[in-house]
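Chemist: Line order of the protein sequences matches chains A and B. According to our numbering, the residues represented by the first sequence are 781 to 1026, in order. According to our numbering, the residues represented by the second sequence are 781 to 1026, in order.
There are 2 protein chains.
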Amino acid sequence: MSTLLTDHTPGQSRYGKLAQALRDRILQGEWAPGEVIPAESTLAQNYGVALGTIRQALSLLVEDGVLQRRHGKGTFVTKGVDGASMMRFFRFRGLDDGASTTPHSHILSSRLRAASVREAQVFSMSQGAQVLQLERLRSLDTEPCLLETIVLPLPLFGALADSDSHGWDDLLYPMYQERCGVVIQKTQDTLSFSQLNATQAKRLKLAVSHPCVLVERQAFDIAGRCVELRTTRGDAFSFKYTAQVQ
Amino acid sequence: MSTLLTDHTPGQSRYGKLAQALRDRILQGEWAPGEVIPAESTLAQNYGVALGTIRQALSLLVEDGVLQRRHGKGTFVTKGVDGASMMRFFRFRGLDDGASTTPHSHILSSRLRAASVREAQVFSMSQGAQVLQLERLRSLDTEPCLLETIVLPLPLFGALADSDSHGWDDLLYPMYQERCGVVIQKTQDTLSFSQLNATQAKRLKLAVSHPCVLVERQAFDIAGRCVELRTTRGDAFSFKYTAQVQ
DNA sequence: GAGTGGTCTAGACCACGAC
DNA sequence: TCGTGGTCTAGACCACTCT
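1) Of the choices G947(A), T1012(A), M867(A), whose alpha-carbon is the least far from that of C992(A)?
2) Quick check on L1009(B): does DSSP put it in helix, strand or coil?
3) What is the residue span of the alpha helix (DSSP H) that T822(A) lies within?
4) With distances taken Cα to Cα, identify the nearest neighbour of D807(A) among E996(A), V846(A), E928(A), K797(A).
5) Can you tell which of G863(A), L841(A), P813(A) has its C-alpha closest to the C-alpha of A801(A)?
6) Cα separation between L920(B) and G961(B)?
7) Give a yes or no on whether the minimum CB-CB distance between G878(B) and chain A is below 8 Å.
8) So, for A824(B): in the same chain, excluding its five sequence neighbours on each side, which residues have a beta-carbon less than 8 Å away from its beta-carbon?
9) For chain B, check one thing: does any of its Cβ atoms lie closer than 8 Å to the Cβ of A1023(A)?
10) Going along chain B, which residues have a C-beta under 8 Å from Q998(A)?
11) Any beta-carbon of chain B closer than 8 Å to the one on V861(A)?
12) Residues of chain B with CB under 8 Å from V804(A), in chain order?
13) CB D969(A) to CB A1023(B), shorter than 8 Å?
14) Closer than 8 Å, Cβ to Cβ, to anything on chain B: give me those residues from the region 922-952 of chain A, in chain order.
15) Label G860(B) either buried or exposed according to how many other C-beta atoms from any shown protein chain fall within 10 Å of its C-beta, with 16 as the threshold for buried.
16) If we count Cβ pairs, one from each stretch, closer than 8 Å, do we get three or more for the region 944-958 of chain B versus the region 1015-1022 of chain B?
17) Where DSSP assigns a beta bridge to I964(B), which residues make up the other side?
18) G1014(B) by DSSP, collapsed to three states: which one?
19) Does F870(A) come out as helix, strand or coil in the three-state DSSP assignment?
20) Tell me the residue span of the alpha helix (DSSP H) that contains Y795(B).
21) What are the residues in the region 833-855 of chain B lying within 7 Å of chain A by C-beta distance?
22) Any Cβ of chain B within less than 8 Å of the Cβ of A1016(A)?
23) Along the chain, where does the beta strand (DSSP E) that runs through L1049(A) open and close?
24) With respect to the alpha helix (DSSP H) encompassing K982(B), which residues constitute its N-terminal and C-terminal limits?
25) Does DSSP put T855(A) in a helix, in a strand, or in coil?
26) How is the beta strand (DSSP E) around Y1021(B) delimited, first residue to last?
27) Which whole-angstrom value is the C-beta distance of Q913(B) and V931(B), which I expect to be below 8 Å?
28) Using a Cβ-Cβ cutoff of less than 7 Å, which residues in the same chain neighbour R794(A) once the five nearest sequence positions on both sides are dropped?
29) On the criterion of 16 or more Cβ atoms from any shown chain inside 10 Å, does T822(B) qualify as buried, or is it exposed?
30) Which of the three DSSP states is assigned to H886(B) in this structure?
31) Quick one: what's L840(A) bridged to in DSSP?
32) Let me confirm a value: A987(B) is counted as buried when at least 16 other C-beta atoms fall within 10 Å, else exposed. Which label applies?
33) To the nearest whole angstrom, what separates the beta carbons of L917(B) and L927(B), a pair I think is in contact under 8 Å?
34) Alpha carbons only, please: which of L1009(A), S896(A), A1003(A) is nearest the one belonging to D804(A)?
35) Anything in chain B within Cβ reach of T967(A), meaning under 7 Å, just list it in chain order.
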């Protein structure tokens, strides 16, 4: 069951190695997202370590967002982020802090094309491999607010390429999980400032050259691979973001 | 020495109460910023608890940024943030990621006035109490890049009101500590977009109505009190910020 | 070598959640 | 009532830092 307790730290603590072993088992799909893993006492017995040691290992994975503890119930594999977090960057009329409504999603276009050099790199694909590119408009109460370009690596998201986008959900990440088995675990957003070109302005019902925020996102699955590139544009004057330092 | 081990958890764990007790002793100034606190084993003996318990208490304060552990040396009271972090929002010519230069600081004006209602609230002052308001221009290589308005509650920062701003440092936070005994421990920044008015544009050598990023900062001391309000404006096209989700 | 924080053990009991 | 994670103990030994 174990093969873990090699003589002595080859460069890591025991709980560090345990964490890696458990992470591997999760990545392998031994427990699906949302499922419980065995109790701490069980794991401690199986691996032949003290309870405190297994708890430290689990704490690492909890910090990492892979696991969640629930007192009295058990330790669960994270279900992934829902993607609604894009809204935290924007505040729209009648949408005061706290009240977060999911905007309606409308797919404008969907097409296959060859990956660019950069895309092949971040997706770890061979040069010239195919990607699926989506254009998407998100609206609140019929008012367009966000314009997105989404790029997905192809073998993985093949189910979406063959599917009719009219039946798609307003949130993509839960759909990635259902249809493609891809769990989004982390995202990294880079914010900058730009101006809308003619096409973008028309879609968002704003003037050409209107100031916009540019959110460039990389989304990663539970194994840490980048599986989505997304560019979002929205009215700069609806933008608000809060950050803490230390 | 203790008086901590009351019969039973009145609403908190033992390590939670220990953390609060230690936090109070730090706030009281028993150990200055940058100083070591007693060893874990010593604290455990003094409070009459096990080593693991005191370690949990210390971990809370470490997470909170009040303490820092250094293996083999001891546990130290945090010295506070240096304030140079404002630059992480902006990228200027010749300033690639990583290379962080502190811009030169020039105080444009300094005056006393009555606190606004909001200022009195966030500073926990009585209505009509005095504040010190600074206008400040920050430049890289003689090129103006950031324009700041800084508001400080008055009894606390009296030493700055009486001082000649020509001798001030480029970084204010270390100066707050030296001259006023105020350690900045946390900051919270809110980002949004705006446009420069005539005065602001002139100072930054940009056109009127030029798009700008607005950074509204609240800075807190080690006791968690807000002790500075700062508004910073900079060229929107020089803005770049990265954020992680989960 | 002496002192510090970091890891690990093997137990005990408590608080929460579901049945 | 039972199983879960959360707290706490009293030890042991390891790894880092300074002198």
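All residues carry an ideal CB built from backbone N, CA and C; glycine is no exception.
Modeler: Working from what's here:
1) T1012(A)
2) strand
3) 820-827
4) Looking at the sequence provided, one finds Leu at residue 807(A) rather than Asp. When only C-alpha atoms are compared, the closest one is V846(A).
5) L841(A)
6) 29 Å
7) Since pLDDT at G878(B) reaches only 47, below the 50 mark, its modelled position is unreliable, and the value read off the structure follows with that caveat. False, the Cβ-Cβ gap to chain A never drops below 8 Å.
8) A830, L831, T833, I834
9) yes
10) Chain B residues near Q998(A): none, gap ~10 Å exceeds 8 Å.
11) yes
12) Correcting the residue type first, residue 804(A) is Asp in the shown sequence and not Val. None at all; the shortest Cβ gap to chain B is about 20 Å.
13) yes
14) none
15) buried
16) no
17) D1001(B)
18) strand
19) strand
20) 794-807
21) G845
22) yes
23) Here chain A has residues from 781 to 1026 only, and residue 1049(A) is not among them.
24) 978-984
25) strand
26) 1020-1025
27) 5 Å
28) V829, T833
29) exposed
30) strand
31) DSSP, once it has assigned bridges, lists no residue as partnering L840(A).
32) exposed
33) 6 Å
34) A1003(A)
35) V1025
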